[in-house]
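In the numbering used here, the protein residues as written are 130 to 569.
Yeah, the Cβ is synthetic: ideal placement off N, Cα and C, and Gly gets one too.
Data first, discussion second: the structure below is written as structure tokens.
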RNA sequence: CGGAAUGUAGCGCAGCCUGGUAGCGCACUGGUCUGGGGGACCAGGGGUCGUCGGUUCGAAUCCGGCCGUUCCGACCA
């Protein structure tokens, strides 16, 4: 993409509506614009990042689950059956269609997926089954804030598992646990599992995945040693190895303020290992048995020929929130530095002198070569001053900056800079076609 | 929902106290110069001052209602 063609409205100054860093940077880098409180439009740059995050999630979830797509608008009937039509409270947006039929904008999908399951699956032979979708949700928060971190409309990945018995359901829960660890790792985030309350979803087993960040919404107490744990190279069809991993990670003391117990904390964690910080919840696992399958009559016939309600769990990831969380973990005084896995463009070409023939020819040639190799590249081809272009490229956080100016071109080289480290190397113009392979 | 701010050009703000019909910086348009970190100069364009009503000869300014947005708290992916 050429910068001259891209709809990228960047801002030099911090908008007054934004107080935290990720929100400011998303507005300044032209990723989002607010529509109303807690509701945002995603502009091209932000939308590219959002889609990249979705695809990372898909790449892991598809190994253990099948993607489908449920609607944003749901019928109130199934919610009345589960009892949540009233229980969910004012956060749920309800309205009526022209026939006075009661509808709602889905805040989550347990009822709907259970309904689909109950009408189409009858036997244990179809299990285990796990289904997910990535869809917009609406929760009418009391106080939306911090941009996409607590929006009212937000994009969520929600998966739902169906098993014959609790043992299998826990295996699925553990697979999700591993899948989440890998998903967040791929985004260059350190997510730690924390035992959680089940809230309105319900159930008796639940973990949140928390990104440590000063701008987080809740206080987190933990044993520092969990941060040193690596994700072992195990497969999703090794339930024992996965179970060992889950046991190991959940054996560390980690708690959000609502579950924190100071006495246990002091007793079980050495003083030097204690860390109190703030965190952002980016994922949540629930096992809730037959909480929904019972009222919605999602029964299966088991091996003994009996009809029993299916065992369920649900597993969410805040996709749009992750954009903010990643920025929170990847910014400096100049702007964002994206992890390569989610970056909107891998390379940014800064032609420092667009009116110089030699510079333009080299820039054009590198641009065309990268495009031919299907590598995402943003080419700043505008006739602007160097400072403007460099500052903007820093702000929007493209991981690799290719800087082409007369000084270098005259001597047969251009510069390649890593946005995160600032490390810069001079690259011979004859090596221009190989930069994608050996960045350095 | 309790507490507190705020609404003036695309963005950031001043003007309001003490009423006299709107200004600054950035951005934008045309031009000249400049050219490796948001450059300089010249010439321009853009605002029913959130909205409705009241007071007044006259309201961005004073008074009232409504709406929007934000921050702190309780609540949550």
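| Item | Value |
| --- | --- |
| Integer Cβ distance of residue 445 from residue 416, believed to fall under 8 Å | Not confirmed; about 13 Å, so no contact. |
| Euclidean distance between Cα positions of residue 238 and residue 424 | 15 Å |
| Alpha-carbon to alpha-carbon, residue 309 and residue 351 | 19 Å |
| Segment contact, 8 Å Cβ cut-off, at least three pairs: the segment 254-262 with the segment 190-199 | yes |
| Chain-order list of residues whose beta-carbon lies under 6 Å from that of residue 405 (same chain, five-residue window excluded) | 350 |
| Sequence ranges, alpha helix (DSSP H) only - wholly within the segment 414-475, length at least 4 | 448-458 |
| CB contact flag (residue 137, residue 452, <7 Å) | no |
| Those runs of the alpha helix (DSSP H) which lie wholly inside the segment 185-249 and span at least 4 residues | 205-211, 213-216 and 239-249 |
| Residue environment, residue 515, which counts as buried when at least 16 other CB atoms sit within 10 Å | exposed |
| Assumed close pair residue 408, residue 342 - CB separation to whole angstroms, cut-off 8 Å | 7 Å |
| Sheet register partners of residue 264 (DSSP bridge) | 285 |
| Where residue 389 falls: helix, strand or coil (DSSP) | coil |
| Contact check, residue 557 vs residue 132, beta carbons under 7 Å | no |
| Beta-carbon proximity list for residue 293, same chain, < 6 Å, skipping 5 on both sides | 253, 256 and 431 |
| Span separating the alpha-carbon of residue 334 from that of residue 186 | 23 Å |
| Cβ-based burial, residue 244 [other Cβ within 10 Å; buried from 16] | buried |
| Rounded straight-line distance, which links the Cα of residue 246 to that of residue 439 | 10 Å |
| Endpoints, beta strand (DSSP E) assigned at residue 149 | Per DSSP, residue 149 belongs to no beta strand (DSSP E) and is neither H nor E. |
| Residue 511 (DSSP reduced to helix, strand or coil) | coil |
| Residue 298 versus residue 422: straight-line alpha-carbon distance, rounded | 13 Å |
| Extent of the continuous beta strand (DSSP E) run through residue 576 | No answer is possible for residue 576: it lies beyond the span of the chain, which begins at 130 and ends at 569. |
| Residue from 399, 206, 526 and 521 whose Cα sits closest to the Cα of residue 459 | 526 |
| Spatial neighbours of residue 523 in its chain, beta-carbon cut-off 6 Å, leaving aside the 5 residues before and after | 463 and 464 |
| Contact belief for residue 346 with residue 167 at Cβ below 8 Å, rounded distance in angstroms | At roughly 14 Å, the Cβ-Cβ gap does not stay under 8 Å, so residue 346 and residue 167 are not in contact. |
| C-alpha gap between residue 203 and residue 212, whole angstroms | 15 Å |
| Rounded C-alpha distance that separates residue 159 from residue 176 | 10 Å |
| Local Cβ density within 10 Å of residue 306, reported as buried at 16 or more and exposed below that | buried |
| Inter-residue spacing [alpha-carbon to alpha-carbon] between residue 273 and residue 279 | 5 Å |
| Residues near residue 314 by beta carbon distance below 7 Å, same chain, minus five either side | 360 |
| Cβ-Cβ distance between residue 410 and residue 339 below 7 Å | yes |
| Terminal residues of the alpha helix (DSSP H) in which residue 369 lies | 368-379 |
| Bridge-paired residues (DSSP) for residue 544 | 532 and 555 |
| Nearest to residue 569 (by Cα), restricted to the options 538, 539, 531 and 535 | 531 |
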